[in-house]
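Here UniProt numbering is used: the first residue of the sequence shown is 1, the next is one more, and so on.
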Amino acid sequence: MATCAEILRSEFPEIDGQVFDYVTGVLHSGSADFESVDDLVEAVGELLQEVSGDSKDDASIRASQVQSKLKMLEKLPELKPVDKELEVVMKFPDGFEKFSPPILQLDEVDFYYDPKHVIFSRLSVSADLESRICVVWLLFLCFMSWDSPTPICAVDWLQREEIHWSRGQGLSQGLCCTYAVPSLQPQACPADTKAWHVVGENGAGKSTMLKLLMGDLTPVRGIRHAHRNLKIGYFSQHHVEQLDLNVSAVELLSRKFPGRPEEEYRHQLGRYGISGELAVRPVASLSGGQKSRVAFAQMTMPCPNFYILDEPTNHLDMETIEALGCALNNFRGGVILVSHDERFIRLVCQELWVCEGGGVTRVEGGFDQYRALLQEQFRREGFL
C-alpha cells in the first residue's frame with residue numbers, strides 16, 4: 001500500500017510551472033510560511049545570494065546562475081496575501097419545546113416486500129429526544145479473490161486499537177459494499193482461503209428501518225408510535241444529488257420555503273458556512289462539501305426536533321465531519337443515523353442498533369462493545 005510522505009498545498013496557481021518547480025526544489029517542505037509571492041521571492045533571493053558566496057573559485061559561474069534565477073523570480077506575478085481558511089462551524093436550530101417520551105417507537109413490527117424474504121420480524125425499538133443512535137449491521141467473513149498479489153487477513157483489525165474502514169465497490173451475488181482495512185500490513189492468510197474481506201449483508205434493513213421510523217413504509221404487522229409534536233428532518237445519502245444545481249443556494253431555499261425575507265435564507269446558509277458570494281453562486285459551482293452544507297441548511301430550515309441521517313458524511317472533508325459531529329452533540333433533539341465512519345460514530349453516538357437476522361440488537365456500550373460482538377462471532381466461526 002502506498003502512502004503519502006508529503007502534501008504540497010498550492011496557494012499560487014498562476015506561478016509558472018518551471019519556476020514553481022525550482023522554488024519548491026530549493027525550499028524544504030514546511031520550512032516557512034509565506035503570506036505572499038513577495039515573501040517567497042525575498043526568501044529565495046536571499047538563499048541564492050548565500051549560495052553565490054559559498055565558493056570563490058567558480059564565483060563567475062555561480063553569479064551567472066544566480067542572475068538567471070533572479071530574473072525568473074522577477075517575472076512572478078504580484079498576488080494578494082493568502083486568505084486564511086475560516087473554521088467550519090455548523091449549528092442545528094433547536095428553538096423548540098422539549099416533550100416527554102415516548103417520542104418514536106416501533107412495536108413488534110414485521111416487514112417484508114416478499115413473504116419468503118422477511119426483512120424484520122417482531123422488531124421493537126424506541127428513541128427519544130436524548131437519543132444518539134447509529135444503525136449498523138453485524139459483519140461476517142466472506143472469502144473472495146483479492147487483486148493484491150499479497151492477500152490481507154481482515155480478521156487482524158479486530159485486535160487493533162482503531163478500526164479504519166474504506167468503502168469499496170459493490171459486490172455481486174447478494175453482497176453489498178466491501179469494507180477493507182487500509183492500515184493493515186500484508187500477512188499470509190490460511191492456505192485454504194484466498195483472502196478475507198469484512199462485508200455487510202445486502203438487505204440487512206438499515207434504510208428500510210429508517211423509512212419505517214419516518215412512516216414512509218407501513219408495517220405488515222405491528223405499530224409505529226410517534227409523538228404528535230414529533231418533527232423529523234431526513235437526510236438521505238443521495239440528498240446532494242437531488243439539489244437543483246442551476247440556481248443559487250439562496251434561491252434554492254426561497255423556492256423550498258417561499259415568502260421569507262432574503263436575509264433569513266442567508267442567515268440559515270451562514271449557519272453552515274455558506275455565506276457571502278458562495279450563497280449566490282449556482283450550486284453546480286460549489287464543491288461537494290459545500291453542496292452537502294447547502295443540503296443541511298435546507299433540511300434544518302423547518303427546525304425539526306429529530307433527525308434521521310443516512311450516510312451524512314458522504315462528500316465531507318474532515319473539518320466538516322467534525323463540525324457536523326459537534327453540531328449534533330449540541331443539538332437538543334434526537335438523532336438516528338447510518339454511517340460507516342467510525343470516528344464520526346464515536347464522536348456522536350451513544351448507542352448502536354445492530355441489524356441481524358430480521359431483528360435488531362441494542363448495543364449501549366458503543367463501538368467497543370460492537371467490536372466485542374464481532375470478535376465473539378468470529379470465534380464461533382473458528383476464525384479467532
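Positions of the beta carbon are idealized from the N, C-alpha and C atoms, including for glycine.
CA-CA distance, residue i and residue j?
i, j, result
"Lys211", "Leu217", "6 Å"
"Gly382", "Ile345", "29 Å"
"Trp137", "Asn305", "26 Å"
"His225", "Thr320", "34 Å"
"Gly325", "Ile308", "14 Å"
"Arg332", "Asp244", "30 Å"
"Pro261", "Gln298", "15 Å"
"Arg221", "Leu106", "10 Å"
"Ser285", "Ala279", "11 Å"
"Asp110", "Gly366", "26 Å"
"Arg379", "Asn314", "33 Å"
"Leu253", "Lys71", "52 Å"
"Gly259", "Gln375", "55 Å"
"Pro101", "Val294", "31 Å"
"Val360", "Ser275", "42 Å"
"Lys116", "Glu277", "55 Å"
"Tyr265", "Glu251", "9 Å"
"Gly215", "Gly270", "31 Å"
"Glu74", "Ser287", "34 Å"
"Ile223", "Met209", "13 Å"
"residue 412", "Val135", "As displayed, the chain neither begins before 1 nor continues past 384, which places residue 412 out of reach and without an answer."
"Asn330", "His227", "22 Å"
Is it right to say residue i is buried, meaning 16 or more other beta carbons lie within 10 angstroms of its own, or is it exposed?
i, result
"Met90", "buried"
"Glu263", "exposed"
"Lys291", "buried"
"Ala249", "buried"
"Phe318", "Inspection of the sequence shows that residue 318 is occupied by Met rather than by Phe. By the 10 Å Cβ count, Met318 comes out exposed."
"Gln268", "buried"
"residue 385", "Residue 385 lies beyond the stretch modelled for the chain, which goes from 1 to 384, so this question has no answer here."
"residue 385", "Any question about residue 385 goes unanswered here, given that the chain covers just 1 to 384."
"His239", "buried"
"Arg255", "exposed"
"Ser148", "With a pLDDT of 39 at Ser148, under the threshold of 50, the predicted position of this residue should be treated as unreliable, and no value is reported."
"Ala154", "For Ala154, the pLDDT reaches just 43, beneath the cut-off of 50, and the residue's location in the model is therefore unreliable, leaving the point undetermined."
Nearest by alpha-carbon distance to residue i: which of the options is it?
i, options, result
"Arg132", "Glu356, His267 and Gly334", "Gly334"
"Leu104", "Gln237, Leu252, Glu130 and Ser285", "Glu130"
"Val125", "Tyr272, Glu108, Asn330 and Asp114", "Glu108"
"Asn246", "Glu74, Pro282 and Gly359", "Pro282"
"Gly205", "Leu123, Phe257 and Gln377", "Leu123"
"Ala88", "Gly273, Phe296 and Pro219", "The question names Ala, yet the displayed sequence has Val at residue 88. Nearest C-alpha to Val88: Gly273."
"Leu213", "Val294, Asn330 and Phe120", "Phe120"
"Glu241", "Phe296, Asn330, Asp114 and Ile223", "Phe296"
Less than 6 Å between C-beta atoms, sequence neighbours within five positions excluded: which residues of the same chain meet that for residue i?
i, result
"Leu328", "Val335 and Val348"
"Asn229", "Phe99"
"Phe257", "Met301"
"Asp21", "At Asp21, the pLDDT of 47 sits below 50, so the modelled position is not reliable; the number obtained from the coordinates is stated separately. No residues qualify anywhere along the chain."
"Ser68", "none"
"Asp114", "none"
Between residue i and the rest of its own chain, which residues show a CB-CB distance below 8 Å, the 5 nearest in sequence each way excluded?
i, result
"Val363", "Glu351, Leu352, Trp353, Val354, Gln369, Tyr370 and Leu373"
"Cys303", "Pro93, Asp94, Gly95, Phe96 and Lys231"
"Ser207", "Asp310 and Val338"
"Gly233", "Met299, Thr300, Pro302, Pro304, Phe306, Tyr307 and Ile308"
"Val118", "Asp110, Phe111, Tyr112 and Gly358"
Once you ignore the five residues that flank residue i on each side, which residues in its own chain have a CB closer than 7 Å to its CB?
i, result
"Ser236", "Asp310"
"Ala127", "Ile103, Leu104, Ile133, Gly334 and Ile336"
"Gly289", "His315, Leu316, Asp317 and Thr320"
"Ala323", "Val88, Val89 and Met90"
"Pro219", "Val109, Asp110, Phe111 and Leu212"
Please go through the segment 219–256 and give each complete alpha helix (DSSP H) segment of 4 or more residues, from N-terminal end onward.
249–256
Entirely enclosed beta strand (DSSP E) segments - the segment 292–318, minimum 3 residues:
306–310
Minimum length 3: unbroken beta strand (DSSP E) runs contained in the segment 111–142:
117–127 and 132–137
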